[in-house]
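J.: The numbering used here numbers the first residue of the sequence shown as 8 and each following residue consecutively.
Here a beta-carbon is modelled for each residue, glycine too, at the ideal position from N, C-alpha and C.
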Amino acid sequence: MNPPPDPATASPQAPNEAAPEATPAIRSTLSGGETTIQLPRRLPIVRERTTQSNIPNERATRDRLRSLSAALVAERAVVAPASILQLRELAVEVMRRADVDEVFIDYIAVLLNNEVWREELAHVPYERRLLLLPKCLRVEEHCPAPFDEFGMLCKECGLCSIEDFTREAEELGYAVLIAEGSAIVTAMVETGKIDAIVGVSCLNVLEKCFPHMERVAIPGMSIPLLQDDCIDTNVDVDQVRDLIHLTAADRTYRLDLEGLKGDVRAWFTRAALDEVMGPAAGVDPATDDIAREWLARDGKRWRPYLATAIWMALESEGRAEAPAFTADVRKLAVAIECFHKASLIHDDIEDGDDVRYGAPTLHAEHGIAVAINIGDLLLGEGYRLLGELEVDGETRAQLLSVAAQGHATLSRGQGAELNWARAPRPLTSLDVLGIFREKTAPAFEVALRQGALLAGAAPEVLEVLGPYSEALGIAYQIHDDLDDFTGEGDSDDLADLRPSLIMAIAHKRAAGGDAEAMLDAIWRKERPVGAPGSDERRALEARLGEWGVVQKARDLADAYEVAAVESLTPLQHPSVKGLLRRVVGKIFGEGDLIEGYCSEFEALNRSRQEEAPKTTA
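#1: For E452, which residues from the same chain have a beta carbon less than 7 angstroms from its beta carbon, with the 5 sequence-adjacent residues on both sides left out?
#2: Between the C-alpha atoms of A549 and A182, what's the straight-line distance to the nearest angstrom?
#3: Look at the alpha carbon of D243 and the alpha carbon of V207, and state the distance between them as a whole number of angstroms.
#4: Distance check for N211 and G180, CA to CA, integer angstroms please.
#5: Go through its chain and collect everything with a Cβ distance to S74's Cβ below 8 angstroms, but skip five positions before and after it.
#6: Round the Cβ separation of A517 and G480 to the nearest angstrom and send it over; I've been treating them as touching at under 8 angstroms.
#7: Which whole-angstrom value is the C-beta distance of V247 and F172, which I expect to be below 8 angstroms?
#8: Would you call G269 buried or exposed, if buried means 16 or more other Cβ atoms sit within 10 Å of its Cβ?
#9: Put S323 into one of helix, strand or coil per three-state DSSP.
#10: Starting from I225, trace the alpha helix (DSSP H) in both directions and tell me its first and last residue.
#11: Near A454, what residues of its chain come up, given a Cβ to Cβ distance below 6 angstroms and the 5 sequence neighbours on each side ignored?
#12: Mapping DSSP to helix, strand and coil, what is R136?
#13: So within the region 236-275, which uninterrupted alpha helix (DSSP H) runs reach at least 4 residues, ignoring any that extend past its ends?
#14: Can you check which of these residues, C143, A255 and K200, is closest to I185 by C-alpha distance?
#15: Does DSSP put G359 in a helix, in a strand, or in coil?
#16: Check whether the Cβ atoms of L118 and V101 lie closer than 9 angstroms to each other.
#17: Less than 9 angstroms separating the beta-carbons of L262 and A340?
#18: Going straight from the alpha carbon of N241 to that of D335, what length do you get?
#19: I'd like to check one pair, D257 with A87: are the Cβ atoms closer than 9 angstroms?
#20: If the criterion is Cβ atoms closer than 9 angstroms, does the pair A462 and I356 meet it?
#21: Quick one: is P63 buried, meaning 16 or more other Cβ sit within 10 Å of its Cβ, or exposed?
#22: A560 and I529 - do their beta-carbons sit closer together than 9 angstroms?
#23: When the Cα of D235 is compared with those of L72, E573, N61 and D521, which residue comes out closest?
#24: For I485, which of V557, R544, V131 and G585 has the nearest alpha-carbon?
#25: By DSSP, does T1 sit in helix, in strand, or in coil?
#26: Between which two residues does the beta strand (DSSP E) holding V207 run?
#27: So, with DSSP's three-state summary, where would you put L472?
#28: Enumerate in chain order the residues of its own chain whose CB-to-CB distance from S38 is below 8 angstroms, with the five nearest sequence positions on each side excluded.
#29: What's the C-alpha gap between L460 and E324?
#30: So who's on the other strand from P367, going by DSSP bridges?
#31: If you reduce the DSSP assignment to three classes, tell me which class P231 lands in.
#32: Would you report the Cα separation of P22 and G374, rounded to the nearest angstrom?
#33: Ends of the alpha helix (DSSP H) at V569?
#34: By how many angstroms is the C-alpha of I379 removed from the C-alpha of G285?
#35: What number of angstroms, rounded off, separates the C-alpha of A176 from the C-alpha of G306?
#36: Based on the DSSP secondary-structure assignment, which residues constitute the bridge partners of L184?
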């Protein structure tokens, strides 16, 4: 058996190759020990493009329009089916509230129609639903799939995401067709064998389907393709997955996850912290003041957010409305942030960082001795708050054990990095991923597992949190690595070299070439890379660009994001499964895009395509 590929050098499969199965776990050696890293399977190549002119190009705008559409449908109590005229009237109001151009009216009408049908479709069993996918999601030039009278017969070559969508839907019980939209929808509806449709199509086809769907009053929700020129079209992948899994039992779509972020942030004002943590203790309140001021400082609050969100998903089961926050939930959220902020204080000292959140680090502001003490205090406060939760003894023991185990694992990951710093040398991508796994993944798992324990989660829920958090944490750290490298983070990864996936990929790709000695010297900190804008720095950045290391790191981050979603497959709890799928999109913002070759309207577009060759962003 051939060994699995190194993530630094592995390239996407050739067009005529079948997609490999998930890469098996392989071992990396670091500081004399071994760690097993589970590499995600490689994803299809994605060519990003701008959207067509009547669909917003920014994912954030599309998400905002979807939220406003849902709010308006609820506000007006719109009953399905809605006519195209009614949908357009509602779309005008959404455009006004969103302050967007009227060119998006048809796109917004589709979003509104989805919200009108959401509740009814959610109650239709999976086995009575049709998933309709357009053949344009394939790579036509290399696609081996044949066609019959019902559409395309996917050969599972792995070149596009049709296989992933099909497999995911069929496992739930869907009928799946990969065919032209309007005609096949009409035919399937008339058979009476399906009661609901989830479809992916371009706006042109959806406009044709609206009148028929209105007449037959069959629940249908659609995900518009982001282009209709039939060449390399894209779709919001996470939205497709969400609609495939939508059930009446999954109440997470009713939770205002963006609003939840605001609620959690409000718990970290100084007044709110004093309410949860109680009055300052000790002979000198200045120590508590510094600690709580640090807690109140900026931060993404992902960890308390995750704990609160999974608690809500579990507690909302069987309820018509989301549960109210309890004192224990707030106390748990603050405890989790205490652990996180303590780790940042110590990490900044160990790494010699002077900037955090765009401001001086705690040790830069108050000195190392004070900062160490504040970090220790926050650890103690975190454990105190856990001990004060109104739970039974077994649950309290589990909560404390999870926190302690996560703290120990994080410290081992940081220790591996510190040991490397004493004798720096080139690290492989697997070495770096192993450090990422131990430094970042435990914090996500601790937050999710503690929120689940507080809600009394069943073992099947707890079991998926480990692999899910590992993939999520590694993806998160890769993104952080990329931010630091590109100047969007607080650190300069080239000047302040640490175990970096970017540099690990670069060192591997430089092997045997004229730049190998240079990369080796940089890794050993024997050669400075220069300040931004210097000749040395520009020369290095040029070589990194030639090797495509940034894109390779981004590809690997995308693969881990997908691995996080796929780890949820065995989970049978719909609300938690829905939540954790959505969390991936919330944390990483921009959704994945899938590519293909569209021929739905190729006759209409052929002349235009001949006149102007296609371009990719």
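T.: For this structure:
#1: Here residue 452 refers to the residue found at position 445 of the sequence shown. Scanning its chain for C-beta atoms nearer than 7 angstroms, with the 5 sequence neighbours on each side dropped, one finds around E452 the residues G413, L472, G473 and S476, in chain order.
#2: By 1-based counting over the sequence shown, the position of residue 549 is 542. By 1-based counting over the sequence shown, the position of residue 182 is 175. Taking the straight line from one Cα to the other gives about 50 angstroms.
#3: Sequence index remark: in the sequence shown, residue 243 carries index 236 (1-based). Sequence index remark: in the sequence shown, residue 207 carries index 200 (1-based). Each residue's alpha carbon lies about 10 angstroms from the other.
#4: Locating residue 180 in the sequence shown gives position 173, counting from the first residue. Locating residue 211 in the sequence shown gives position 204, counting from the first residue. Those two C-alpha atoms are separated by around 29 angstroms.
#5: Here residue 74 refers to the residue found at position 67 when the sequence shown is read from its first residue. So the qualifying residues of the chain are E265.
#6: One-based indexing of the sequence shown puts residue 517 at position 510. One-based indexing of the sequence shown puts residue 480 at position 473. In fact, because the Cβ distance is near 28 angstroms, the residues do not count as touching under 8 angstroms.
#7: Walking along the sequence shown from the start, residue 247 turns up at place 240. Walking along the sequence shown from the start, residue 172 turns up at place 165. Yes, they are in contact, since the Cβ atoms of V247 and F172 sit about 6 angstroms apart, within 8 angstroms.
#8: For this step, residue 269 is matched to residue 262 along the sequence shown. Counting Cβ neighbours within 10 Å, G269 comes out exposed, since fewer than 16 surround it.
#9: Translated into positions along the sequence shown, residue 323 becomes position 316. DSSP places S323 in coil when its eight states are reduced to three.
#10: The sequence position of residue 225 within the sequence shown is 218, counting from 1. No residue range can be given for I225, since it is assigned to no alpha helix (DSSP H) and is classified by DSSP as neither H nor E.
#11: Position 447 of the sequence shown, counted from the start, is the residue given in the question as residue 454. Hits under 6 angstroms: R310, L313, A314 and I343.
#12: What you label residue 136 is simply residue 129 of the sequence shown in a count that begins at 1. It is a strand residue.
#13: 244-252 and 264-273
#14: Translated into the one-based positions of the sequence shown, residue 185 becomes position 178. Among C143, A255 and K200, the Cα nearest to that of I185 belongs to C143.
#15: Along the sequence shown, one-based indexing puts residue 359 at 352. If DSSP states are grouped into helix, strand and coil, G359 belongs with coil.
#16: Within the sequence shown, numbered from 1, the residue matching residue 118 stands at position 111. Within the sequence shown, numbered from 1, the residue matching residue 101 stands at position 94. Yes, they are a contact pair.
#17: The count along the sequence shown starts at 1 and reaches residue 262 at position 255. The count along the sequence shown starts at 1 and reaches residue 340 at position 333. Contact flag unset, no.
#18: For the purposes of this step, residue 241 is identified with residue 234 of the sequence shown, where counting begins at 1. For the purposes of this step, residue 335 is identified with residue 328 of the sequence shown, where counting begins at 1. C-alpha separation (whole angstroms): 43 angstroms.
#19: For the purposes of this step, residue 87 is identified with residue 80 of the sequence shown, where counting begins at 1. For the purposes of this step, residue 257 is identified with residue 250 of the sequence shown, where counting begins at 1. No, they are not a contact pair.
#20: Reading the sequence shown from its first residue, position 455 is the one you call residue 462. Reading the sequence shown from its first residue, position 349 is the one you call residue 356. With contacts defined by Cβ atoms closer than 9 angstroms, A462 and I356 do not form a contacting pair.
#21: Residue 63 sits at position 56 when you count from the first residue of the sequence shown. Buried.
#22: Translated into the one-based positions of the sequence shown, residue 529 becomes position 522. Translated into the one-based positions of the sequence shown, residue 560 becomes position 553. It is not a contact, given that the beta carbons lie outside the stated cut-off.
#23: Taking the sequence shown and counting its residues from 1, the one referred to as residue 235 is at position 228. Answer by Cα proximity: N61.
#24: Residue 485 sits at position 478 when you count from the first residue of the sequence shown. It is V557.
#25: Only positions 8 to 624 of the chain appear in this structure, which leaves residue 1 out of reach.
#26: Looking up residue 207 in the sequence shown gives position 200. Looking at the DSSP string, the run of the beta strand (DSSP E) that includes V207 is A203 to S208.
#27: Indexing the sequence shown from 1 puts residue 472 at position 465. If DSSP states are grouped into helix, strand and coil, L472 belongs with the helices.
#28: Translated into positions along the sequence shown, residue 38 becomes position 31. Bear in mind that a pLDDT of 47 at S38, under 50, signals an unreliable position, so the model cannot answer this.
#29: As a position in the sequence shown, residue 460 is number 453, starting the count at 1. As a position in the sequence shown, residue 324 is number 317, starting the count at 1. So the alpha carbons of these two residues sit roughly 15 angstroms apart.
#30: Your numbering for residue 367 matches position 360 in the sequence shown. Paired residues: V362.
#31: The count along the sequence shown starts at 1 and reaches residue 231 at position 224. Looking at P231 - three-state DSSP - the assignment turns out to be strand.
#32: On the sequence shown, position 15 is the one that residue 22 refers to. On the sequence shown, position 367 is the one that residue 374 refers to. The pLDDT assigned to P22 is 35, lower than 50, so where the model puts this residue is not dependable, and the model offers no usable value.
#33: Here residue 569 refers to the residue found at position 562 of the sequence shown. Start and end: V556 to E573.
#34: Position 278 of the sequence shown holds residue 285. Position 372 of the sequence shown holds residue 379. Their backbone Cα atoms lie some 22 angstroms apart in a straight line.
#35: Within the sequence shown, numbered from 1, the residue matching residue 176 stands at position 169. Within the sequence shown, numbered from 1, the residue matching residue 306 stands at position 299. C-alpha separation (whole angstroms): 37 angstroms.
#36: Reading the sequence shown from its first residue, position 177 is the one you call residue 184. Answer is L139, bridged to L184.
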